[in-house]
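Report on the structure given below.
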Amino acid sequence: MENLKGTIFDVRRFATHDGGGIRTTVFFKGCQLLCAWCHNPEGISTKRRALYFDKKCIHCGSCVKNSKCGGMTFQDEKIVLDHTKSEDWDELIQICPTGAIAWDSREIDVYKLFGEVMSDAPFFKYDGGVTLSGGEPLLQPDFAGQLLKLLQDRGIHTAIETALLVPIENLKKVLPYLNHIFADCKIFDESEHIRATKVSNKLIIQNLEYLLTSDKKRDVVIRTPMIPEYTATEKNVAEIAKFISGIFPEVNYEILNYNPLALAKYHLVGREFCFKENPKRFSKEQMNHFAEIAHSNGVRNVFIDE
Ligand code: SF4
């Protein structure tokens, strides 16, 4: 088997929300959606980028002195990183004494990554396993497929979290090696989808139809994250519920409560967060109300993730 390389930005251990049991989650770099509320904005760009962590910086100035192309400068007594400059970032990362400059991701070959996640194998026997997340794992389908096959050959349970904005061929390459598929359906109305994510949902809708008519349809959970002002409307939940239950009445549908944790990551990647003030999570009653809307629009199996 070829030893393919892929780009990942994190490996998180002991996750309990990304599938059953205790799991190790691998975060793949690159995503074609630009969701206004994205919880992993460092995973959107397909390119590796250097990041600057001001809390770790002791302002020694070594990076500025050694910067050859203006990638690190002093501005108003603050250190500023400009990732658009073609700097020797490896050198500056090594020079920094505190780890305040670091790559946002790493390239890794599939056998090395397999070895890393298999070091957690003792924890997988209690219904756990490995989940691919991102970013969008299906943008690296050969690498993802090879990793999943290696895991399944060792009897490890595999899952994926995908937004499905990929050519259907990518999905078909990876599907045989998956035990469980979490597929997002964020917004059903196309113009609303473009407003919130900058892209059409046509391809996502086609891929959802494929998944829910495939022989893996019982292993699929369609998910909608409840984002105030974007996805969390009665109209959107009703439209999604009608659509997915119209294809497969036994479909599993999960609504995820808003998670207000993302704000701190945005200044790292130079993006604006969609909320000036981070909204609160929805109450139990509000989540039950959305679940009831899904139910009354044809979905029999509705789950709430608080
Ligand atoms: S070398 Fe590191 S610690 Fe020193 S100023 Fe630069 S970022 Fe800060």
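First residue of the sequence shown: 29, per the numbering used here; consecutive thereafter. We put the beta carbon where it would ideally sit given N, CA and C, even for glycine. Note that the structure is predicted; figures quoted are calculated from it, not measured.
Bounding residues of the alpha helix (DSSP H) (the contiguous stretch that carries residue i)
i, result
"residue 323", "312 to 324"
"residue 224", "218 to 225"
"residue 128", "Here residue 128 belongs to no alpha helix (DSSP H), and DSSP marks it neither H nor E."
"residue 262", "262 to 275"
"residue 171", "169 to 181"
"residue 255", "Careful: residue 255 lies outside any alpha helix (DSSP H) and carries neither H nor E."
"residue 202", "196 to 202"
"residue 279", "Residue 279 -> no alpha helix (DSSP H), and no H or E assigned at all."
"residue 151", "149 to 152"
"residue 68", "Premise fails: residue 68 is in no alpha helix (DSSP H) and is neither H nor E."
"residue 327", "Note, residue 327: premise wrong, no alpha helix (DSSP H); not H, not E."
"residue 59", "Counting along the chain, residue 59 falls outside any alpha helix (DSSP H), and DSSP gives it neither H nor E."
"residue 94", "90 to 94"
Rounded separation between residue i and residue j - CA only
i, j, result
"residue 141", "residue 171", "10 Å"
"residue 99", "residue 233", "41 Å"
"residue 246", "residue 272", "13 Å"
"residue 51", "residue 223", "34 Å"
"residue 68", "residue 274", "32 Å"
"residue 228", "residue 60", "11 Å"
"residue 226", "residue 148", "38 Å"
"residue 166", "residue 192", "8 Å"
"residue 38", "residue 31", "20 Å"
"residue 333", "residue 95", "47 Å"
"residue 157", "residue 41", "10 Å"
"residue 1", "residue 280", "Here the chain comprises residues numbered 29 to 334, so residue 1 is not present and cannot be evaluated."
"residue 196", "residue 241", "14 Å"
"residue 302", "residue 264", "19 Å"
"residue 103", "residue 219", "41 Å"
"residue 211", "residue 143", "27 Å"
"residue 152", "residue 56", "21 Å"
"residue 130", "residue 78", "6 Å"
"residue 216", "residue 36", "29 Å"
"residue 190", "residue 321", "24 Å"
"residue 92", "residue 101", "5 Å"
"residue 111", "residue 304", "25 Å"
"residue 310", "residue 286", "7 Å"
Any non-hydrogen atom of the ligand SF4 closer than 7 Å to residue i Cβ
i, result
"residue 87", "yes"
"residue 125", "yes"
"residue 80", "yes"
"residue 128", "yes"
"residue 97", "no"
"residue 121", "no"
"residue 91", "yes"
"residue 29", "no"
"residue 100", "yes"
"residue 215", "no"
"residue 3", "Nothing can be reported for residue 3: it is not among the residues displayed for the chain, which extend from 29 to 334."
Residue range of the beta strand (DSSP E) that includes residue i
i, result
"residue 157", "157 to 162"
"residue 100", "100 to 103"
"residue 118", "Note, residue 118: premise wrong, no beta strand (DSSP E); alpha helix (DSSP H) at 117 to 123."
"residue 109", "106 to 109"
"residue 33", "33 to 43"
"residue 231", "Where residue 231 is concerned, there is no enclosing beta strand (DSSP E), although the alpha helix (DSSP H) it sits in stretches over 230 to 241."
"residue 211", "208 to 212"
"residue 135", "134 to 137"
"residue 79", "78 to 80"
"residue 26", "It is not possible to answer for residue 26, since the shown part of the chain is limited to 29 through 334."
Integer Cβ distance of residue i from residue j, believed to fall under 8 Å
i, j, result
"residue 161", "residue 53", "5 Å"
"residue 174", "residue 138", "5 Å"
"residue 253", "residue 203", "That belief does not hold up - the Cβ atoms of residue 253 and residue 203 are roughly 23 Å apart, past 8 Å."
"residue 33", "residue 136", "7 Å"
"residue 176", "residue 206", "6 Å"
"residue 288", "residue 308", "7 Å"
"residue 328", "residue 278", "7 Å"
"residue 259", "residue 214", "5 Å"
"residue 123", "residue 90", "5 Å"
"residue 255", "residue 236", "So it is not a contact: roughly 19 Å between Cβ atoms."
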